[in-house]
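In the numbering used here, the protein residues as written are 1 to 716.
Here it is, written out as structure tokens:
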């Protein structure tokens, strides 16, 4: 096997703090996985790990007590990602689960994923690279053991972080101690699935203890010595432009250290959060405000036919204006992220170096923006990610890190700045509203002969900080808004799908599942209506329109599994009814049955049955929990959530008036069935959010004979 000699300059070995060897395996060891295509398909492709640069990056540390620390380029947002990554690494390293811990990789390690944390790709994107790195590290340690003891690699056994030949043993820590030059083998063969001890098992979460005992692991917990507090003046009105400010009153208020005036913001630094907020409120700002926007203005802007059109799918002939056309329109409103932990950061700028503790999904982007604003080298900015108290796409851009860094530089001390709840609601990167027009014609056998879906949306990926501006030009449309927009019923002979993009006057962007929830609501509600028009069972109707390829077979399998597990009935019974819906997102098919009743003129969801094919479930409990969480979040968005625009202001600005699902609204049972139609992990975090809105609406129709065509669903 060919060997590569890595010098001390390129391969980090470090002592101190209980660490005897730092194994920093560089991207040159697995170039092929890194250079895989970013987008296998615009809709539903595999998202690879996209490491930052080609220099060595810190992945694993071996401690003096023979434990391994994995530095994750993905942040933990609550999905259990750290646990899945630990299982993957432990299996190839041949260590026990209790021997491995997972921490966030700080930006100084160089271990950053330019794809960020999102898109349901944390486990699937690292499935191959992480196992290859762990296997390579295991073989490196075996090579060093052979050098120190004269052992033959083929005779060695590895178990529990111990390498042995007969009754002779050495721990990983003993082997790594003192090594300054490592021989790097070609990437070894990975284990077969049947040989894994941890992958595929429902193991407890590695972050469970820290959360149960309230360890300070979230961004709001961050502290530094001599820390001060910041606040930033923000407008209430959409499109307001800063012109000038009178800071005279605020400067003399108790606790105020300094008022910072920049071209793009005014900030306050004070000795307490309360003092900073009071001083901020005392600053008299002159805003230039344009149009006083209303909700109806936004609805009119978002209608199909306005903005830019892009033909996503084109099969067969175009639908004409002949008789027998069935049509329906659907809408979804503006949605807030409404995550529990507001955005914030603790920044310290000193001697042209910056340190930031922050809840962010975009470590590399945050580092880049701070460095650019401070005019310092990116290597002099250390972004320390924390656990996230909810992400859902809200933290895919964190420009407040720049503001905190500027304030810290101005006062020479650490500055902690967090949004107020009002700021979170008014300055969110909202889920855009949508409008859908669907038209179809059935043939004499009751099958779909023609189908057209036009849907309109504001920005999701376009104009976001995540993607270069040319991306939309290259692919022709917003790659986020079209999630769920492709028709996955591949045997329809004549099909048109058209995406319309409009520019809205306020910021909209990534929201968990992107366009999936709204697009699936429209698709699957309409499919239900067509099945009823055709006089067919909605399960059989869907199955009849699915193509017979690998993707189609996986979709059919989840539809059949969900219907069977729920014992689907197409008629109301005992005051209840079932609704069915399915979607395919990021390559993962999912089908759901919602059992619903109407109580006190409100929609009550009693049970949801979910069948999903995520491929290999690295941790089945984790995958089921993701299904449950996505279903509850989708229910909340489908039954309650919406933002309004009143006299130029986005509202509500606090929980309560912004209605969300509460514990009393949760179904008593969520039954999850997992299938495995591919031999790798697929997307998990977002696909289960797709079908739930349509499934509920389809059940309501069977109870009321009323087609609910607008989210949030209403009986009036």
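A virtual CB, placed ideally from N, CA and C, is assigned to each residue, including glycine.
In the DSSP secondary-structure assignment, residue 244 is bridged to 286. Annotation for residue 506: 238 place their beta carbon closer than 6 Å to its own, counting only its chain and skipping 5 residues before and after. Note on geometry: alpha-carbon atoms of residue 285 and residue 418 lie some 21 Å from one another.
Per the coordinates, the alpha-carbon of residue 103 lies some 6 Å from the alpha-carbon of residue 70. In the displayed model, residue 457 falls within a strand according to three-state DSSP. Counting only the Cα atoms, residue 622 lies some 32 Å from residue 598. Boundaries of the beta strand (DSSP E) harbouring residue 580: 576-585, taken from the DSSP string. Here the alpha carbons of residue 156 and residue 167 stand approximately 11 Å from one another. Its Cα nearest to that of residue 550, the residue 676 stands out among 130, 221, 676, 639. Annotation for residue 362: 116, 396 place their beta carbon closer than 6 Å to its own, counting only its chain and skipping 5 residues before and after. Under the rule that a run must span 4 or more residues, the alpha helix (DSSP H) segments found entirely inside the region 353-427 read 363-374, 400-411, 421-426. In the DSSP assignment, no residue is bridged to residue 224. Relative to the Cα of residue 176, the nearest Cα in the group 139, 204, 270 belongs to 139. When the five nearest sequence neighbours on each side are left out, the beta carbons in the same chain lying within less than 7 Å of the beta carbon of residue 570 are those of 537, 538, in order along the chain.
Counting along the chain, the unbroken beta strand (DSSP E) around residue 344 starts and ends at 344-350. Annotation: residue 617 to residue 87 spans about 11 Å, alpha carbon to alpha carbon. Of the residues 592, 150, 484, 458, the one whose Cα lies closest to the Cα of residue 313 is 484. Nearest Cα to residue 367 within the set 100, 165, 626, 111: 111.
Within a 10 Å sphere around the beta-carbon of residue 80 sit 16 or more other beta-carbons, which makes this residue buried. Between residue 203 and the set 629, 668, 646, 625, the nearest pair of CA atoms involves 625.
CA-to-CA, the gap between residue 390 and residue 77 works out to about 6 Å. Rounded to whole angstroms, the gap between the alpha carbons of residue 578 and residue 696 is 8 Å. Residue 457 places its beta carbon less than 9 Å from that of residue 481. For residue 535, same chain residues with a beta-carbon under 8 Å away, outside a window of 5 residues either side, are 446 in chain order.
Judged by DSSP secondary structure, residue 142 falls within the alpha helix (DSSP H) whose first and last residues are 122-149. Boundaries of the alpha helix (DSSP H) harbouring residue 212: 208-212, taken from the DSSP string. Going by C-alpha positions, residue 706 is about 28 Å away from residue 585.
Residue range 182-185 is occupied by the beta strand (DSSP E) that includes residue 185, with no alpha helix (DSSP H) assigned at that position. Between the region 519-529 and the region 555-574 there are fewer than three inter-stretch CB-CB distances shorter than 8 Å, so the stretches are not counted as touching. Two segments are said to touch when three or more pairs of C-beta atoms, one from each, lie closer than 8 Å; by this definition the region 270-282 does not touch the region 406-414. Its Cα nearest to that of residue 454, the residue 523 stands out among 194, 523, 160. DSSP assignment within the region 534-563 yields the following whole alpha helix (DSSP H) runs of 4 residues or more, N-terminal first: 538-543.
Counting only runs of 4 or more residues that sit fully inside the region 620-706, the alpha helix (DSSP H) segments are 620-639, 692-704, in chain order. Approximately 6 Å separates the beta-carbon atoms of residue 502 and residue 306; this is inside 8 Å, confirming the contact. For residue 301, no beta strand (DSSP E) encloses it; the enclosing alpha helix (DSSP H) starts and ends at 295-301. Excluding its 5 nearest sequence neighbours in each direction, residue 171 has C-beta neighbours in its own chain below 7 Å: 66, 161, 162, listed in chain order.
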